[in-house]
Every structure is written in C-alpha cells, then in structure tokens.
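What follows is a set of notes on a single structure, which appears directly below.
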Amino acid sequence: MPKRGMQPIRQRELILAAVEAIHERGLNGVTMGDIAKRAGVSPALAHHYFGSKDELLSATMRHLLGEFALAARRRLAVAGDPRARVDAILEASFAPDQFSPALISTWLAFYMQSVHDKAAARLLAIYLKRLEANLRHDLRPLVGDGAVALARGIAAMIDGLWLHAALPTLHRSPDEALGILRDYVDGRLAAVALS
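Here's what the structure looks like:
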C-alpha cells in the first residue's frame, strides 16, 4: 500500500522517468517496468497510479503542457507591448528548460501517438489552439486580419524547428532556433508595414 501523501510525488517521479525512458528507448521500446525501474518504484505501483503506459503518456503530456504554459505565463507577465508578448511566447517555446533532448523526444512521441490515440490528439489540439489564440491576440494589433495566417505560420515554424532539433543531422540550439523564428516574424511584420 502506498504511503499517504506520496501519490503526487511518485506520479511526478514516474512522469520524469517516462520522459527520460522515452528519450532513451523510444515510445514503442519502453515499458511500464522500464519507467518504474528508472523512477525507483515497483511496476505494480506505476500501474496503480496510471493504469497503463498510454495513461502515463497522457499524464506526461499534460505535465509538459502545464510546464510550457507556466513558462509562457511567466514571460508574458513581464512583456509590455504586443511585439514583446509575441517574443515572450517564442522564448517560452525555445527556453533551454523546454528544449532539452529528452523533452524533444517526448514531444515527438506525443505527436506520433496523437495519430492513433484520441486522448493524445485532444491534448495536442488544445495545445495548438491555445498557442495560435495567444499569438493571434498579440499579433492582431500589429497586423490586423493577417494575425490568423501569421499565428499559423509561427506555430508551424515552432513545430518544424522542434523537429529539426530532434534529428541529429539538423540539430539546432535553442538560440539558433529562436533566431530563425524571430527573423521570420520580423520579416512578416516588415512586409505588413510596407503594404
């Protein structure tokens, strides 16, 4: 029987262990037993808290989404004008604590899982809708009706740069990825200003 008050601690340990295990072995190559061992708990306890690997993956994705949202909110709280707020979202997307190799592997596993798993697809849809909505809100004062298309373009570039980061031959540092994205945004904003 688990000790009282330990559930949130153990769940977090299992989630963090899942991130590392997915990075090391891939989603299909990792078992609940592997994750439990890495977390220092029994497989039975891992199943007690999450039921299945799919449920643990969903919990892991909710955790990562929450961590990203928190990082974005912190940056948005100190950003002044709309351009600074857009930059705050870009910075959150490529912050070193959000852009580690293990997290990149886990996000890619999440994207792949969403093709066949309704719960993962729902979480991914929520993430993308929130990202685009936040970008649209701050882009609208800068580009008017062009905010929708520019927000979609930025979201697609974020995903593309994350994909590049996952591939050893295309790896980009967080600073390089952020620079590429800022150049894109600045170019689009300049094009609107000239039209």
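Each residue of the sequence shown is one higher than the one before, counting from 1 in the UniProt record's numbering.
Built from N, CA and C at the ideal position, the CB exists for glycine as well.
Residue i in three-state terms, based on DSSP
i, result
"F68", "helix"
"T60", "helix"
"L90", "helix"
"V185", "helix"
"V115", "coil"
"H47", "helix"
"T31", "coil"
"A190", "helix"
"S105", "helix"
"D54", "helix"
Cβ pair residue i, residue j closer than 9 Å
i, j, result
"R38", "E67", "no"
"S114", "L124", "yes"
"I154", "L135", "yes"
"Q98", "A59", "no"
"M32", "F50", "yes"
"F94", "L178", "yes"
"A88", "V78", "yes"
"V86", "V185", "yes"
"L181", "L161", "yes"
"L163", "L150", "no"
"L189", "R122", "no"
Best match in the options for proximity to residue i [C-alpha to C-alpha]
i, options, result
"A18", "R140, D186, A109", "A109"
"D159", "V78, W107, K53", "W107"
"L57", "N28, I89, A92", "N28"
"K129", "S173, V192, L65", "L65"
"P96", "S173, R73, A133, H47", "S173"
"A165", "Y111, S100, H137", "S100"
Whole-number beta carbon distance between residue j and residue i, since they are thought to touch under 8 Å
i, j, result
"H63", "I15", "5 Å"
"R75", "E91", "6 Å"
Residue range of the alpha helix (DSSP H) that includes residue i
i, result
"R172", "That residue, R172, is in no alpha helix (DSSP H); it is neither H nor E in DSSP."
"A166", "147-166"
"Q11", "7-25"
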